[in-house]
Amino acid sequence: MPSKTIDDARLTVHREDPPGDGRYVFYWMQASVRTRHNDALEYAVQQANQTGLPLVVGFGLDADYDDATPRSLRFLVDGLIDVAGGLTRRNIGYVVRAGHPLDVAASLAEEAAVVVMDRNYLREPRRWRAELADNVAVRVVEVEANAVVPVETASDKREWAARTIRPKIERQLERFMEELTTTPIDHRDPPDLESLDPTSADTLLEAIALDDVDMQFSGGEHQARAALRRFVEDGLPNYPDAGTVVTGDLSSRLSMYLHYGHISPVAIALAVENSGTSRGARDAYLEELIVRRELANNYVWFERDYDRFTALPEWARTTLAAHRDDDREVTYTAAELERAQTHDRYWNAAMVEMRETGYLHNRMRMYWGKRILDWTNTPEYAFRVALDLNNRHFLDGRDPNSFANVGWLFGLHDQAFAERDIIGKLRPLTRSGLERKVDVDAYIDHVERITGIEIEGS
DNA sequence: ATCGGCTCGCGCAA
DNA sequence: TGCGCGAAGCCGAT
Numbered sequence: 048m049p050s051k052t053i054d055d056a057r058l059t060v061h062r063e064d065p066p067g068d069g070r071y072v073f074y075w076m077q078a079s080v081r082t083r084h085n086d087a088l089e090y091a092v093q094q095a096n097q098t099g100l101p102l103v104v105g106f107g108l109d110a111d112y113d114d115a116t117p118r119s120l121r122f123l124v125d126g127l128i129d130v131a132g133g134l135t136r137r138n139i140g141y142v143v144r145a146g147h148p149l150d151v152a153a154s155l156a157e158e159a160a161v162v163v164m165d166r167n168y169l170r171e172p173r174r175w176r177a178e179l180a181d182n183v184a185v186r187v188v189e190v191e192a193n194a195v196v197p198v199e200t201a202s203d204k205r206e207w208a209a210r211t212i213r214p215k216i217e218r219q220l221e222r223f224m225e226e227l228t229t230t231p232i233d234h235r236d237p238p239d240l241e242s243l244d245p246t247s248a249d250t251l252l253e254a255i256a257l258d259d260v261d262m263q264f265s266g267g268e269h270q271a272r273a274a275l276r277r278f279v280e281d282g283l284p285n286y287p288d289a290g291t292v293v294t295g296d297l298s299s300r301l302s303m304y305l306h307y308g309h310i311s312p313v314a315i316a317l318a319v320e321n322s323g324t325s326r327g328a329r330d331a332y333l334e335e336l337i338v339r340r341e342l343a344n345n346y347v348w349f350e351r352d353y354d355r356f357t358a359l360p361e362w363a364r365t366t367l368a369a370h371r372d373d374d375r376e377v378t379y380t381a382a383e384l385e386r387a388q389t390h391d392r393y394w395n396a397a398m399v400e401m402r403e404t405g406y407l408h409n410r411m412r413m414y415w416g417k418r419i420l421d422w423t424n425t426p427e428y429a430f431r432v433a434l435d436l437n438n439r440h441f442l443d444g445r446d447p448n449s450f451a452n453v454g455w456l457f458g459l460h461d462q463a464f465a466e467r468d469i470i471g472k473l474r475p476l477t478r479s480g481l482e483r484k485v486d487v488d489a490y491i492d493h494v495e496r497i498t499g500i501e502i503e504g505s
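Structure, rendered in structure tokens:
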């Protein structure tokens with residue numbers, strides 16, 4: 048059965064070399080930790096079949112990556128365990144080693160005839176991929192498996208806002224919204240390589256010196272698909288309400304799985320598109336999943352300083368500078384904020400939910416973030432604190448969306464509004480506005496119930 | 001309850 | 001060069 052080839056636009060050939068005389072095709076798994084609907088994995092299978100070699104998938108498990116926490120590591124490990132079953136069933140080798148991802152990959156690449164990599168967007172893994180490609184003498188191909196429209200196919204520059212990238216993405220949707228078929232691998236036993244036991248949570252956790260953690264959400268592609276099924280059945284039909292119901296399960300909660308590559312955005316988009324839900328609800332969700340998410344990819348891909356205040360648009364930095372010395376009614380330090388010790392119970396509830404569960408509804412994220420600007424000494428400090436708390440506490444932290452969303456609090460991809468104290472011309476989001484749109488008492492109850500922590504403040 | 005103004009700059013039409 | 005309009009708003013006038 049001939050398998051469908053991967054769209055050329057998903058491929059970045061780092062090295063054109065013919066396959067080397069290695070013993071296997073090596074897929075360095077990093078950003079797409081799943082066995083279903085993974086373009087990089089399917090491409091690697093096709094390369095294995097073409098070269099007549101077995102396929103080895105390898106992952107470098109590193110407890111020292113930026114902003115790693117017990118919770119984020121546990122979620123990552125959930126994903127690694129899940130992958131083991133899917134790979135074994137397909138007779139694909141699977142190696143998990145503790146260590147820096149680039150070191151683990153470089154070591155496995157030494158005996159590889161072809162190297163396949165998946166793609167994420169942040170600067171460190173981008174540099175690692177380039178470095179690996181520089182240090183081997185075989186064919187090296189990177190495969191985009193985590194976006195609907197590959198970032199450079201959608202646009203060749205940093206986009207200004209959703210409205211500027213939207214038509215560019217929509218023009219390409221038909222081409223890239225395609226089911227990915229699974230390619231059967233020719234039967235060849237993978238080589239026996241040194242690895243941790245990737246089916247044992249205890250082994251993996253021990254390798255990174257991590258005690259088991261209480262988790263509100265579990266990672267892995269099985270949980271991701273369950274979340275998708277739940278969302279398509281219950282959340283999606285009510286999606287117009289999802290923006291104001293902050294306590295329940297209308298939100299998809301898929302962003303954490305997308306962040307770890309436990310699910311494919313194309314698979315989600317197809318499931319939503321093929322559901323029986325109304326056009327309006329489908330479009331509202333697909334706008335978030337594709338246009339806004341891929342605007343964030345565009346931002347970190349084309350803006351070198353995506354994690355810096357200086358990357359914000361000129362008008363936003365100018366207006367914040369003009370209000371730098373405005374009086375603040377109250378200021379808090381990063382530590383006070385993290386302990387949820389402000390005067391504002393809505394804010395404290397949001398901080399507690401974020402800190403204790405790793406999740407927060409979008410509307411609460413916006414309220415949470417906008418207040419930090421009001422309650423800290425300088426906008427630069429506010430930016431740093433918001434990004435740091437975001438990236439350490441959210442299960443979807445350090446995603447391109449993290450940088451775009453925190454930037455949005457400070458004017459990125461947004462427009463100007465009537466000038467106010469402190470925030471200047473940034474879009475305001477007030478406490479009364481939150482009360483207007485959200486059942487705040489129900490929200491406080493919800494947070495107290497799920498965390499067992501009493502929320503203080505007025 | 002609804003509406004216009006606030007405010008900026010991109011991108012397209014002309 | 002002019003003009004419409006936008007990632008989730010707010011406020012005051014009607």
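Throughout the first sequence, residue numbering follows this note's numbering, covering 48 to 505 in sequence. The C-beta atom is built at its ideal place from N, Cα and C for all residues, glycine as well. Keep in mind the model is a prediction, meaning the values are calculated, not measured.
For a quick check, are the C-beta atoms of Tyr-428 and Tyr-414 less than 9 Å apart? In this structure, Tyr-414 does not lie closer than 9 Å to Tyr-428 by Cβ.
Exercise for review: Using three-state DSSP, classify Ala-160 as helix, strand or coil.
Suggested key: Under the three-state reduction of DSSP, Ala-160 is assigned to strand.
| field | Spatial neighbours of His-460 in its chain, beta-carbon cut-off 6 Å, leaving aside the 5 residues before and after | value | Cβ neighbours of His-460 beyond the five flanking positions: Ala-208.
* Compute the Euclidean distance between the alpha carbons of Arg-140 and Pro-101, then round it to the nearest angstrom. => It is worth fixing the name first, because residue 140 is Gly in this sequence and not Arg. So the two alpha carbons sit approximately 8 Å from each other.
TODO: With DSSP collapsed to three states, give me the class of Leu-252.
DONE: Looking at Leu-252 - three-state DSSP - the assignment turns out to be helix.
query: By Cβ distance, which residues of its chain are closer than 7 Å to Thr-116, with the 5 residues on each side in sequence left out?
result: So the list reads Arg-439, once near-sequence residues are dropped.
**Study point:** Endpoints, the beta strand (DSSP E) within which Tyr-74 is located
**Key:** Note, Tyr-74: beta strand (DSSP E), 71 to 75.
*Between the Cα of Asp-330 and those of Tyr-286, Asn-345, Ile-212 and Glu-241, spot the shortest distance and give me the residue it belongs to.*
Taking only the C-alpha atoms, the option nearest Asp-330 is Tyr-286.
task = Look up Thr-59 in the DSSP assignment and say whether it is helix, strand or coil.
result = DSSP places Thr-59 in strand when its eight states are reduced to three.
Open item on the list: Could you check whether His-309 and Gly-105 sit closer than 9 Å to each other, using their CB atoms as the reference points?
Closed with: No. Outside cutoff.
- Message: For the pair the stretch 78 to 97 and the stretch 159 to 174, tell me if three or more CB-CB distances fall below 8 Å.
- Response: Three or more beta-carbon pairs drawn from the stretch 78 to 97 and the stretch 159 to 174 are found closer than 8 Å, and the two stretches are therefore classed as touching.
Exercise. Check whether the Cβ atoms of Glu-495 and Asp-421 sit closer than 9 Å, and answer yes or no.
Key: Their beta carbons are not under 9 Å apart, which means Glu-495 does not touch Asp-421 by this criterion.
TODO: Could you have a look at Gly-458 and say whether DSSP puts it in helix, strand or coil?
DONE: Collapsing the DSSP output to three states places Gly-458 in coil.
Next on the checklist: If we require 4 or more residues per run, which alpha helix (DSSP H) segments fall completely within the stretch 119 to 204?
Outcome noted: With a minimum length of 4 residues, the continuous alpha helix (DSSP H) runs that stay inside the stretch 119 to 204 are 148 to 156, 170 to 181 and 198 to 201.
Beta-carbon within less than 6 Å of Arg-213's beta-carbon, same chain only, minus the 5 sequence neighbours each way: which residues are those?
Sequence-distant Cβ neighbours of Arg-213 in its own chain, meaning closer than 6 Å and more than five residues away, are Val-338.
State the DSSP-derived secondary structure class of Gly-444, mapped to helix, strand or coil.
In the three-state reduction of the DSSP assignment, Gly-444 falls in the coil class, being assigned neither a helical nor a strand state.
Self-check item: Local Cβ density within 10 Å of Asp-55, reported as buried at 16 or more and exposed below that
Solution: Per the 10 Å Cβ criterion, exposed.
**OP:** Would you check if there are 3 or more beta carbon pairs closer than 8 Å linking the stretch 277 to 284 to the stretch 176 to 188?
**Re:** A contact between stretches requires three or more CB pairs, one per stretch, nearer than 8 Å, and the stretch 277 to 284 fails this requirement with the stretch 176 to 188.
For Arg-467, which of helix, strand or coil comes out of DSSP?
Strand, per DSSP.
Three Cβ pairs or more, each shorter than 8 Å: is that satisfied between the stretch 179 to 191 and the stretch 81 to 99?
The stretch 179 to 191 vs the stretch 81 to 99: in contact.
Pull up the distance between the alpha-carbon of Arg-478 and that of Met-401, whole angstroms please.
Arg-478 and Met-401 have their C-alpha atoms spaced approximately 19 Å apart.
Item to check | Endpoints, alpha helix (DSSP H) assigned at Gly-480 | outcome: Residues 478 to 484.
*asked:* Classify Val-60: buried if its beta carbon has 16 or more other beta carbons within 10 angstroms, exposed otherwise.
replied: Counting of Cβ neighbours within 10 angstroms places Val-60 among the exposed residues, the total staying below 16.
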